[in-house]
Amino acid sequence: DSLRNQVSLLEQDIVQTTEIVKQLKHDLTLKERVIRFYSDMEENDAQASEANDLGVRHFEQKIRNLEYENEELRAEALQLKLDAENYENQEQSIVDNFVNALANANAEIDDDLS
1 DSLRNQVSLL
11 EQDIVQTTEI
21 VKQLKHDLTL
31 KERVIRFYSD
41 MEENDAQASE
51 ANDLGVRHFE
61 QKIRNLEYEN
71 EELRAEALQL
81 KLDAENYENQ
91 EQSIVDNFVN
101 ALANANAEID
111 DDLS
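full-length UniProt numbering puts the first residue of the sequence shown at 1, with every later residue one more than the last.
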């Protein structure tokens with residue numbers, strides 16, 4: 001009878017232990033899910049940060065290219081301004097020469113008529 005009681009107690013212990021093991025496995029599964037969730041979040045944050053860094057580098061390069069192009073356009077605009085001033089001076093010189101030539105021609109005609 002005593003042996004039967006011991007067996008019965010041991011069977012109850014086995015049932016309780018099995019239940020505890022099941023509960024611990026369940027808890028472990030939940031904790032693994034939480035860890036996986038946070039790991040995935042960290043990985044996504046890292047990827048987003050990396051993608052953001054690439055975007056920033058891309059736009060920084062674009063800015064440098066546009067600044068360089070802007071400098072070239074300013075230099076070209078300055079050269080065009082200088083060329084325009086030079087052409088205006090040449091035109092003025094030609095006009096002045098024609099005016100002088102006409103004045104000389106008129107003076108000669110006046111001398112011939114007098």
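The beta carbon of each residue, even a glycine, is placed where N, CA and C say it ideally should be.
Cα-Cα separation between residue i and residue j, rounded to whole angstroms
i: K22; j: F37; result: 23 Å
i: A77; j: A48; result: 42 Å
i: residue 140; j: M41; result: Outside the displayed span of the chain (1 to 114) sits residue 140, for which this structure offers no information.
i: N100; j: D110; result: 15 Å
i: D83; j: N44; result: 58 Å
i: L3; j: E32; result: 42 Å
i: R92; j: L102; result: In the sequence as presented, Arg is not what sits at residue 92; that position holds Gln. The straight-line gap from Cα to Cα measures roughly 15 Å.
i: residue 115; j: A105; result: With the chain covering 1 to 114 only, the question about residue 115 has no answer from this structure.
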